[in-house]
Amino acid sequence: THAPDSYVKWYKFDHPQLGKVELGGADAFKIWINAPSKKLRSEIAAHAEVAVYQAMASPKLEIKHTKAESLGNDTWRVELGVANTGWLGTEITRLAHDHKLVLPITVEISGATTVGCAAKEKVGQLAGRSMFLLNGGAMSDGTPDRVMHSWIVRASRGTEVALTVRHPRCGEVAKNLKLS
-12 THAPDSYVKW YKFDHPQLGK VELGGADAFK IWINAPSKKL RSEIAAHAEV
38 AVYQAMASPK LEIKHTKAES LGNDTWRVEL GVANTGWLGT EITRLAHDHK
88 LVLPITVEIS GATTVGCAAK EKVGQLAGRS MFLLNGGAMS DGTPDRVMHS
138 WIVRASRGTE VALTVRHPRC GEVAKNLKLS
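The numbering used here numbers the first residue of the sequence shown as -12 and each following residue consecutively.
Given below as structure tokens:
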């Protein structure tokens, strides 16, 4: 046979419901899904570069700015700036964008009481660096790869708040900020 490891020798097995049975024969995974073990490395080598290229183009969220500004009476304005530093936008495909298939980025603050706003907010989607190549770089309309959000919170000086950014396709990034 061309792939001797794709067949399992028959053996007896005492099944809890069926009683005595024999198991073995063709290993469907090694016959129909993967190439034979001896040929697997050479078969996937051509595709590995493409997979790595796609992974490197993925969107990547980074917290680029945090700031706490005292407004007096234990009230603070907390700012959070987020950027997509990856090549692709957070939705990854135009189809996902057109049909609104991907949930938006959410930003959240914890560790302080919010005033007049929610602790968790949706801030939409962010373009990737590919947008600048297609739209003229510095001549593009604004900064579609970044978003700034702020909360008004109540907490005493020295309190540490946690700022968290989440996206279903980009994962989660977080940073702590001391109110001082």
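Beta carbons: idealized from backbone N, C-alpha and C, even for Gly.
Item                                                                                                         : Value
N- and C-terminal bounds of the beta strand (DSSP E) containing residue 153                                  : 147 to 154
Within-7 Å CB hit, residue 22 to chain D                                                                     : In the structure shown, chain D does not exist; there is a single protein chain.
Cβ pair residue 136, residue 102 closer than 7 Å                                                             : no
Segment contact, 8 Å Cβ cut-off, at least three pairs: the segment 34 to 47 with the segment 7 to 16         : no
Bridge partners - residue 93, DSSP secondary structure assignment                                            : 109 and 153
C-alpha gap between residue 46 and residue 118, whole angstroms                                              : 12 Å
Classification of residue 1 by the beta-carbon crowding that lies within 10 angstroms, buried from 16 upward : exposed
For residue 112 and residue 18, the rounded distance between their alpha carbons                             : 42 Å
Environment of residue 104 [buried if 16+ CB atoms lie within 10 Å]                                          : exposed
Beta-carbon gap between residue 24 and residue -8 smaller than 7 Å                                           : yes
Own chain, CB closer than 7 Å to residue 156, minus 5 neighbours either side, in chain order                 : 46, 77, 79 and 89
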